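**Q** Quick one: structure below, then a few questions.
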Amino acid sequence: MRESIMECFRFLILYCFLFSSIRIATTTLDTITLGQFIRDGETLVSADQRFELGFFSPGTSRSRYLGIWYKNIAPVTTVWVANRDAPISDPSGILHINSRGILVLLDSTNNIVWSSNASRAPPNPIAMLLGSGNLVVKDGNDNNSNNFLWQSFDHPGDTLLPGMKLGVNLVTGQEWFLSSWKSSNDPSQGDFTMRIDPHGSPQLVLKRVLNWCSEQVPGMDFIGPEHLR
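For the sequence shown, position 67 (counting from the first letter as 1) is numbered 67 according to UniProt numbering, and the numbering increases by one without interruption.
Okay, here's the thing in structure tokens:
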């Protein structure tokens, strides 16, 4: 009888341990805290299971990028890329958050490939992937969205998600605009942008950026493409 009671007791302890472990894993699945890392092959998933953050290679490329995509849509549809202009050459990338509330992406040689910024250092910095697809850095004790220290929605790529904005802050000069990928294999900024023209009546403008150069001609002044109509 005593052995049966002890066996049940051990089972109860094991059950409670496993249950608490599952709960911890579930509650931290969308969040990075100090001392935690996201390595290539690991992901964050938003609490509603809609978005996922991790490392990927676009198309036929072997380069690795940190990005956000829809979790349950096939084929993979990427909505944001952190290091779009600075690919990692192998699956060695590591993402972590430091004590100043800055997200840092490192390669195999511990070189900083990409980082966010922060206006102040919070007491308890965390990074969280929200159900909107927004990756935010905030104080873990502060859920006020107005107090986010950094958010990916302020750095759009080629995709406009609900809750994002396009436009220009006329005080700070910060601009929010979309820019195309260079190709399906290369998420670096391509030829097309979509932005708000704040002059006069605000209007949405789609532009193609032309990259070209000209040799200097003696006796003639160079006129840049912005003056050509």
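Glycine included, each C-beta is placed from N, C-alpha and C at the ideal position. All of these numbers come straight from a predicted model, not from anything done at the bench.
Run the CB neighbour count on G93, radius 10 Å, all protein chains shown included, and call it buried at 16 or more, exposed below.
**A** G93 should be labelled buried.
**Q** What residues match up with H96 in a beta bridge as DSSP calls it?
**A** F37, V104
**Q** What distance in whole Å lies between the Cβ atoms of L135 and L160, which are believed to be in contact at a cut-off of 8 angstroms?
**A** In fact, because the Cβ distance is near 16 angstroms, the residues do not count as touching under 8 angstroms.
**Q** On the premise that I38 lies in contact with G54, defined as a C-beta separation below 8 angstroms, what is that separation, rounded to the nearest angstrom?
**A** 7 angstroms
**Q** Quick check: does the Cβ of W114 come within less than 7 angstroms of any heavy atom belonging to the ligand NAD?
**A** This structure does not include the ligand NAD; it has no bound ligands of any sort.
**Q** Find the nearest neighbour of R100 within the set P123, T109, G167, judged by alpha-carbon distance.
**A** By alpha-carbon distance to R100, the top candidate from P123, T109, G167 is P123.
**Q** Within 10 Å of its beta-carbon, does T26 have 16 or more other beta-carbons around it, so buried, or fewer, so exposed?
**A** Note that T26 scores a pLDDT of 39, beneath 50, so its modelled location is shaky and nothing firm can be said.
**Q** So is F9 buried or exposed if we call it buried at 16+ other beta carbons inside 10 Å?
**A** Confidence at F9 is low in this model, with a pLDDT of 45, below 50, so its placement is unreliable and the value that follows should be read with caution. Burial call: exposed.
**Q** When you compare only the Cα positions, how much space is there between D85 and G173?
**A** 22 angstroms
**Q** Report the residue from H96, A118, S116 whose alpha carbon sits nearest the alpha carbon of N110.
**A** H96
**Q** Starting from A127, follow its DSSP beta bridges and name the residues at the other end.
**A** I32, V137
**Q** Roughly how many angstroms lie between the CA atoms of T28 and M128, to the nearest whole one?
**A** Because T28 carries a pLDDT of 43, less than 50, the predicted location of this residue cannot be relied on, and no value is offered for it.
**Q** Okay, do the region 193 to 210 and the region 162 to 172 touch, 3+ Cβ pairs below 8 angstroms being the bar?
**A** yes
**Q** Are the CB atoms of P156 and D139 within a distance shorter than 8 angstroms?
**A** Going by C-beta atoms, D139 is not nearer than 8 angstroms to P156.
**Q** Less than 7 angstroms between C-beta atoms, sequence neighbours within five positions excluded: which residues of the same chain meet that for K71?
**A** V45, Q49, R50, F51, E52
**Q** Can you tell me where the beta strand (DSSP E) holding D154 begins and where it ends?
**A** Taken as a continuous stretch (DSSP letters only), D154 belongs to no beta strand (DSSP E), as it is neither H nor E.
**Q** Could you spell out the range, first to last residue, of the beta strand (DSSP E) harbouring M194?
**A** 186 to 197
**Q** Could you check the C-alpha separation between S152 and V137 for me, to the nearest Å?
**A** 9 angstroms
**Q** To the nearest whole angstrom, what separates the beta carbons of I102 and S119, a pair I think is in contact under 8 angstroms?
**A** Their Cβ separation, rounded to whole angstroms, is 11 angstroms, which puts I102 and S119 out of contact at 8 angstroms.
**Q** Spatial neighbours of S63 within its chain, please: C-beta separation below 7 angstroms, excluding the five flanking residues on both sides.
**A** The beta carbon of S63 is closer than 7 angstroms to those of S57, P87, I88, S89 in its chain, skipping five residues each way along the sequence.
**Q** Starting from V205, follow its DSSP beta bridges and name the residues at the other end.
**A** Per DSSP, R195.
**Q** Are the beta-carbon atoms of S180 and G190 separated by less than 8 angstroms?
**A** yes
**Q** Between the C-alpha atoms of S183 and L105, what's the straight-line distance to the nearest angstrom?
**A** 23 angstroms
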